[in-house]
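Undergrad: Here's a structure for you.
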Amino acid sequence: MNYISTRGAAPVLTFGEAMMTGLARDGGLYVPETVPVMAKAEIAALAGLTYEEIAFRVMRPFLGDTFRDDEFRELIAKAYSGFGHAARAPLVQLGANHFLLELFHGPTLAFKDFAMQLIGQMMQAALAKTGERITIVGATSGDTGSAAMEAFRGLSNVDLFILFPHGRVSDVQRRQMTTPSEANVHALAMDGDFDDCQARVKDMFNDFAFRDGVRLAGVNSINWARVLAQVVYYFSSAVSLGAPERAVSFTVPTGNFGDIFAGYIARKMGLPIEQLVIATNHNDILDRAMRSGAYKTDGVKPSISPSMDIQVSSNFERALFDAYGRDGGAVSQLMAELKAGGFAISQGALQMLRGTFASGRCSEDETIATIRHAFATTGEVLCPHSAVGVKVAGEHLGAVPMITLATAHPAKFPDAVEAAMGARPALPLRMGDLFDRPERMTRVPNDLAALQAVVRERTAR
Ligand SMILES: *Cc1c(COP(=O)(O)O)cnc(C)c1O
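Start counting the sequence shown at 13; every next residue gets the next number (the working numbering).
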């Protein structure tokens, strides 16, 4: 299995190489050269298996010979052993034909743990074989960073730096990043918003002297291995509702487009997904693009669902690559136009995207109202991101079961939940001392050279 860049001008890599590389050297994102298809009987055979075994069978065809089968099974087992629910990704029912996929039972209470815990295990195993050491730099709107800190803290061959927008993450998110005491993890509070953080990380990858000097690797959702790990729960949930005999639909609260792109891959692999619905908050570039055909940036407005406060959805590039017939030159051109503010999606590409994804947006008031309504009618407490999904899903219910992804635990965003319900959701017992642990972070300016200096100094040895 080979991986190619969406911009068509970077080396072709194996799975293991693509995982370690993150952003391609031409600025693009790695995608599999071909997507392996699972036969209907193979999908049917997933019914009743553990989450871990489904994970093995769904991901194995993408890995080539990076890990032996027994080794990969062991990494999967370790990755999910710290989850607080035996099912890993349980489904609960919200309405006659509407289900909620709870993806928040991992160690940092958001779906990011599914990919990050596994990628931590896989990187550690791959580096242990060669004795190499790498530096990981990631940008976060809150949840990726906490999940990465938890997955990489204490690993012997990795230094991890997480850039987060100062003052724009929730207290729980910040504390999950600033309280790990291990010396190999570093929380950097940057002046700016999430897009600034993401842009500086991309700048570091595009500075090849720096990139090679510190052996830079990435764990943002641009990393293919993360997308792959998220494909699994589309299969586990669909099969438990009757796939492949019965089709299902999914609604996905979306920011960087990584999670919903995993659903797109699941469909390409043969999972019968009828609708794949993009749900955005008032930062609605994706919904606007789907409706108008114009992908135009418009600034970021802070919201009560901050993990989706993004104006440039990195992984959308992967969908565009397919929509433009896998023409890397065309994608490069679009990304150059995006730097100047936006681009018009061609008619052919727009037709493909509209045939593949539906979309909707949810205002702040609607988010609050949805949290209140879901609690009143089902007893389920939604986080504000999940509420965005539930609201948009409600506009797309049909004959097949709708599965909305619940991307975080409500206790990770207690202010929004309190505003809706008048009560603060409690943290699960296993993280009860989060507010008692000492914090450790470094304030940094929105400046590439200054950031590089911090990384160089802390990785010098
Ligand atoms: C990251 C995140 C999202 C957005 O996921 P993408 O893969 O970036 O689209 C939504 N909700 C929560 C809670 C998140 O942490």
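Glycine included, every Cβ here is placed at the ideal spot set by N, Cα and C. None of these values were measured; they are calculated from a predicted model.
With respect to 7 Å, is the separation between the Cβ of Asn-295 and the closest non-hydrogen atom of ligand 1 below this value?
TA: No, ligand 1 has no heavy atom inside 7 Å of this Cβ.
Undergrad: Sort Ala-21, Gly-434, Ala-331 by Cα distance to Asp-271 and report the nearest one.
TA: Taking only the C-alpha atoms, the option nearest Asp-271 is Ala-331.
Undergrad: Does the Cβ of Val-324 have 16 or more other Cβ atoms within 10 Å, making it buried, or fewer, making it exposed?
TA: It counts as buried.
Undergrad: Curious, which full-length beta strand (DSSP E) runs of at least 3 residues does the segment 109-156 contain?
TA: Taking only runs of at least 3 residues, the beta strand (DSSP E) segments lying wholly in the segment 109-156 are 110-114, 146-151.
Undergrad: Please name the residue or residues paired with Arg-303 in a DSSP beta bridge.
TA: Per DSSP, none; premise fails for Arg-303.
Undergrad: In angstroms, rounded to a whole number, what distance separates the CA positions of Leu-253 and Tyr-246?
TA: So the two alpha carbons sit approximately 11 Å from each other.
Undergrad: Work out the CA separation of Asn-14 and Leu-25 for me, nearest whole Å.
TA: So the alpha carbons of these two residues sit roughly 6 Å apart.
Undergrad: Please check the pair Thr-120 and Gln-188, which I expect to be a contact at CB under 8 Å, by giving their CB distance rounded to whole angstroms.
TA: That belief holds up - the Cβ atoms of Thr-120 and Gln-188 are roughly 5 Å apart, short of 8 Å.
Undergrad: Cα-Cα, which of Gln-185, Ala-163, Ile-148 is closest to Leu-172?
TA: The residue with the shortest Cα to Cα distance from Leu-172 is Ile-148.
Undergrad: On the premise that Met-31 lies in contact with Met-134, defined as a C-beta separation below 8 Å, what is that separation, rounded to the nearest angstrom?
TA: At roughly 6 Å, the Cβ-Cβ gap stays under 8 Å, so Met-134 and Met-31 are in contact.
Undergrad: Roughly how many whole angstroms lie between the Cα atoms of Arg-468 and Val-226?
TA: Going by the C-alpha atoms only, they are around 7 Å apart.
Undergrad: Going along the chain, which residues of its own chain have a beta-carbon closer than 6 Å to the beta-carbon of Phe-369, five neighbours each way excluded?
TA: Cβ neighbours of Phe-369 beyond the five flanking positions: Leu-288, Ile-290.
Undergrad: Is any non-hydrogen atom of ligand 1 found closer than 7 Å to the C-beta of Cys-209, if you look at the structure I gave you?
TA: Answer for Cys-209: no, Cβ out of range of ligand 1.
Undergrad: Per DSSP, which one or two residues make a beta bridge with Arg-455?
TA: Ala-201.
Undergrad: According to DSSP, is Lys-313 helix, strand or coil?
TA: Three-state DSSP puts Lys-313 in coil, outside helix and strand.
Undergrad: Using 8 Å as the threshold, is the segment 121-140 in touch with the segment 411-431, meaning 3 or more CB pairs across them?
TA: Cβ pair count under 8 Å is three or more, so yes.
Undergrad: Once DSSP output is grouped into helix, strand and coil, what is the label at Ser-261?
TA: In the structure shown, Ser-261 sits in a strand (DSSP, three-state: E or B).
Undergrad: Taking only the alpha-carbon atoms, compute the straight-line gap between Lys-90 and Leu-130 and give it to the nearest angstrom.
TA: Approximately 8 Å, taken between the alpha carbons.
Undergrad: Go to Tyr-42, then tell me how far its beta strand (DSSP E) extends in each direction, as first and last residue.
TA: 42-44 is the span of the beta strand (DSSP E), which, as asked, contains Tyr-42.
Undergrad: Go ahead and label Phe-27 buried or exposed: buried means 16 or more other beta carbons lie within 10 angstroms of its beta carbon, across all protein chains shown.
TA: Buried, by the Cβ-count rule.
Undergrad: Using DSSP's beta-bridge definition, name the partner residues of His-207.
TA: The sequence given here places Asp at residue 207; His does not occur at that position. For Asp-207, which the question treats as bridged, DSSP gives no partner whatsoever.
Undergrad: Hey, is Ser-233 close to ligand 1, as in C-beta under 7 Å from one of its heavy atoms?
TA: The answer is yes for Ser-233.
Undergrad: Between the Cα of Tyr-307 and those of Leu-365, Ser-158, Glu-392, Asn-458, spot the shortest distance and give me the residue it belongs to.
TA: Tyr-307 has its Cα closest to that of Leu-365, out of Leu-365, Ser-158, Glu-392, Asn-458.
Undergrad: For the alpha helix (DSSP H) that contains Gln-242, what are its first and last residues?
TA: 236-252 is the extent of the alpha helix (DSSP H) around Gln-242.
Undergrad: Mapping the DSSP letters down to three states, classify Asp-171 as helix, strand or coil.
TA: Asp-171: strand per DSSP, three-state reduction.
Undergrad: Regarding Asn-196 and ligand 1, is the C-beta to nearest heavy atom distance less than 7 Å?
TA: It does not: the Cβ of Asn-196 is nowhere closer than 7 Å to a heavy atom of ligand 1.
Undergrad: So, are the CB atoms of Leu-417 and Leu-103 less than 8 Å apart?
TA: No; because the gap between Cβ atoms is not below 8 Å, this pair is not in contact.
Undergrad: Rounded to the nearest angstrom, what separates Glu-162 and Ala-435 at their Cα positions?
TA: Taking the straight line from one Cα to the other gives about 28 Å.
Undergrad: Met-202 and His-178 look like a contact to me (Cβ under 8 Å); what is the Cβ gap, rounded to whole Å?
TA: Confirmed, Cβ separation roughly 6 Å.
Undergrad: Run the CB neighbour count on Phe-222, radius 10 Å, all protein chains shown included, and call it buried at 16 or more, exposed below.
TA: The residue is buried, with at least 16 neighbouring Cβ atoms inside 10 Å.
Undergrad: Can you find a heavy atom of ligand 1 that lies under 7 Å from the Cβ of Cys-395?
TA: Yes; taking the cut-off as 7 Å, the Cβ of Cys-395 has a heavy atom of ligand 1 nearer than that.
Undergrad: Any heavy atom of ligand 1 closer than 7 Å to the CB of Gly-118?
TA: No, the beta carbon of Gly-118 sits no closer than 7 Å to any heavy atom of ligand 1.
Undergrad: Taking only three categories from DSSP, how would you classify Ser-319?
TA: Looking at Ser-319 - three-state DSSP - the assignment turns out to be helix.
Undergrad: Would you mind sorting Gln-363 into buried or exposed? The rule is 16 or more other CB atoms within 10 Å of its CB.
TA: Classification for Gln-363: exposed.
Undergrad: Assign Arg-442 to buried or exposed, taking buried as 16 or more other Cβ atoms, counted over all protein chains shown, within 10 Å of its Cβ.
TA: Under this definition Arg-442 is an exposed residue.
Undergrad: Mind checking Gln-359: buried by the 16 CB within 10 Å criterion, or exposed?
TA: It is exposed - the Cβ of Gln-359 has fewer than 16 other Cβ atoms within 10 Å.
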